[in-house]
Structure formats: structure tokens, C-alpha cells
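One structure is given below, encoded as C-alpha cells.
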Amino acid sequence: MAVTAKTIDLSVDLGFLGLRNPVLTASGTFGYGLEFEPYLDLEKLGGIVVKGLFYKPREGNPPPRLVETASGLINAIGLQGVGVEAFVAKVLPKLRSIGTPIIVNVCGADEDEYAAVVEYLDKQEGIAGYELNISCPNVKKEGLCPALSPQPTFDLVKRIKAASRRPLITKLSPNVTSIVEIAQAAEEAGTDAVALVNTFLAMAIDLETRRPKLGNVYGGLSGPAIKPIALRMVHQVASRLEVPVIGMGGIMTGTDALEFLVAGASAVEVGTASFVDPDAAARIVDEIRRWCEAHGVAAVRDIIGTLKTT
Ligand SMILES: Cc1cc2nc3c(=O)[nH]c(=O)nc-3n(C[C@H](O)[C@H](O)[C@H](O)COP(=O)(O)O)c2cc1C
0 MAVTAKTIDL SVDLGFLGLR NPVLTASGTF GYGLEFEPYL DLEKLGGIVV KGLFYKPREG
60 NPPPRLVETA SGLINAIGLQ GVGVEAFVAK VLPKLRSIGT PIIVNVCGAD EDEYAAVVEY
120 LDKQEGIAGY ELNISCPNVK KEGLCPALSP QPTFDLVKRI KAASRRPLIT KLSPNVTSIV
180 EIAQAAEEAG TDAVALVNTF LAMAIDLETR RPKLGNVYGG LSGPAIKPIA LRMVHQVASR
240 LEVPVIGMGG IMTGTDALEF LVAGASAVEV GTASFVDPDA AARIVDEIRR WCEAHGVAAV
300 RDIIGTLKTT
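Using numbering that gives the first Met the number 0, count along the sequence shown one by one with no gaps and you end on 309.
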């Protein structure tokens, strides 16, 4: 049977969660989802990962908090957020009525706070899973960041997996020597999937004032500049882990997203692209469909992990 745009199957299966297509929004770049309703049909997305939530509301870092660089963006938002109680009271009721899987990005200053967030959210309906943000909320405290070494990663994932009734996706930091070791620690501790990459520790300087361009001095680099490194890391991790991998880092087009799938990701997240083009995630779904049609690919899941290295 001829492959047409209408017959193409874009669905992917993470094992614990089926998605209508492989495109999710990346945490922190898509608000709590509802802010983007004027720009795209939220039902078109594979899933929505909301901004990272601590238990209490947080102000984040002092401004300036965003700076543009060649092919990228450095942010030092510092995980500003409304906190779980306001999220559940004001955002979740509307968000869960959309019919697109909602994944909550979970943050904490320590293990107890991470556990408190999932325990609170576990009492609510309409959440498909948690994405555990184990990267540092404050890059000045990088030494305390669980994402930077295997044992703290293992301990945190184990604790949160035991505390929660929902699937857990562990989101990894790329600011490490061996991302595979950290991913394996998360897998051994029982994570249901891993997501990578978070942003790369970076800085920008204003030469005239000789001051850092960000209030926090350092921030996280995202966007097209990081895509080749993110692809390499996704390929390394997907080659070694049993659990599914969700890939991200500089995905701006359907072609970028498909490259991550070929590298071994079962789904992707779109981040910085939504700053350039607020309906980027929905456009990328259409671009994936068109590529599949042009290449006679009846089901997009068939291209996952098909990279030829020999
Ligand atoms: C402004 C901004 C805020 C972010 N906030 C979060 C967050 O709250 N939690 C998280 O896990 N990642 C956060 N991230 C990282 C993104 O989810 C994503 O991992 C990263 O930007 C790489 O993807 P991209 O190159 O497509 O943007 C943030 C990124 C940006 C640019």
C-alpha cells in the first residue's frame, strides 16, 4: 500500500506510555503549556513537559537571565516556578482537559523536596509521569549536583521511584565526563526512561563593561549550537541502556528530530526552537510526517535506532 500523509503512523511507545507522535515540548521552554494555546494546537503534540516545579514557589536568579549567542541561548533562569500547590490549583485542571500527556519536570533543593513534590502530585489525576531534573538548580552550587556523579544519581532516582506511583524519566546533565555512567546509575536505580540533554554550563561576557552578561555569571547553553554534542550523547546512551531514551538539544526542524530518532531516541523534546517560533513543536510533527511520506516510511517508530555505523 502506498504511504500517504494520512496513513503514516507517527505513534511511538515508551513502554510505560504511548504517544501519538514522538514530539514533546522541553521543560522550561513551553511554560506550563497553556501559555502556548494561542500559537498552536496543543492536541497535536506527543506530550507536554511543563516547567520544573519545586515544592514552594521560587523567584529564580537575578536578571539578566537570558542571552543570545551564536546559534544558541544561554539561560540562568534559576528554575523560577509557581510551586506545586499553585500548579495543581490553577494550571492542572485546564491542562489535563487537553488530552495530551502531561509530564511534570520535578526539582528539589534536596532529596526530601523532590520526594515531597512527587508525593503531592501523586494525589492528583491527569499526569502521565515525572521527569526528574537532577541538574543543579543553581549553577553556583555545582558541587552538590546529583546529575554530576553516579552514586548521588542512583540514590535520588531510587528514592523518588519508591516514593511515586508514576513512571519516572530521569533527565541527565551533559556537564559530565561520562554520560553513560550516569545514565546507567539511573537505570540501575529503576528509572523508566532517561531524557538528555539538559543545557551545557556556559557564560557570555560584555567586553565594554567587562562584566558577565548574566546576573548569575554562568548559565546553560541550549539551541542549535549544542545539537551535535547532544546527538553523540544520545547515541552513546541509547547504545548502552535498555530503557527508552528521550533526546533533545538544538532540535529546530523535523530533520533534526529524525536524526535523534535514528541515533536511538524513542521520542524527542523541542526546547529553544519555541523561543524562535512558538509553534515549532507542531511544525516539527508536520515535517516528520512529510519526511516519512517522501521516504516511504509507514511508521516512524521503524527508524528508531537505525543508524548505520559500519
Ligand atoms: C529558558 C530555559 C529554561 C529551562 N528550564 C528547564 C527546567 O525547568 N527544567 C529542565 O529540566 N530543563 C530546563 N531547560 C532545559 C531544556 O528543557 C532543554 O533540556 C535544553 O534547552 C536543550 O534543548 P534545546 O536545545 O532544544 O533548547 C530550560 C532551557 C531553557 C532555554
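Ideal placement from N, C-alpha and C gives every residue a C-beta, glycine not left out.
Annotation: the region 230 to 263 contains the following complete segments of the alpha helix (DSSP H) (minimum length 4 residues), in chain order: 253 to 262.
Closest option to G219, judged by alpha-carbon separation, among A201, L206 and T208: A201.
Secondary structure note for L9: it is in no beta strand (DSSP E), with a DSSP letter that is neither H nor E.
For the 8 Å CB-CB criterion, L16 and G128 form a contact.
Short of 7 Å from the beta carbon of N60, and not among the five residues preceding or following it, lie these beta carbons of its own chain, in chain order: A75, I76, G77, G214 and N215.
Taking I228 as reference, the option from Y217, I302, M247 and R239 with the minimal CA-CA separation is M247.
Spatial neighbours of V175 in its own chain (CB-CB distance under 6 Å, excluding positions within 5 residues in sequence) are listed in chain order as L147 and I181. In the same chain as A279, and ignoring 5 residues on each side of it, the C-beta atoms closer than 8 Å to its own belong to M251, V269, A272 and S273, in chain order. 8 Å or more divides the Cβ of G80 from the Cβ of R95. Annotation for N215 indicates a beta carbon at 7 Å or more from all heavy atoms of ligand 1. When the Cα atoms are used, G98 and G27 turn out to be separated by approximately 21 Å.
Listed as beta-bridge partners of Y217 by DSSP are M202. Ligand 1 has no heavy atom closer than 7 Å to the beta-carbon of A192. Shown here for V233: same chain residues with a beta carbon closer than 7 Å to its own, the five before and five after excluded, namely L195, V244, G246, F259, A262, G263 and A264 in chain order.
G59 has its CB no nearer than 7 Å to any heavy atom of ligand 1. Unbroken beta strand (DSSP E) stretches of 3 residues or longer found wholly inside the region 34 to 109: 46 to 52, 65 to 68, 71 to 74 and 101 to 105, given in chain order. Taking C-beta atoms under 8 Å as the contact rule, I102 and E130 qualify, at a distance of about 5 Å. DSSP places T24 inside the beta strand (DSSP E), whose first and last residues are V22 to T24. Here P211 is bridged, per DSSP, to I204.
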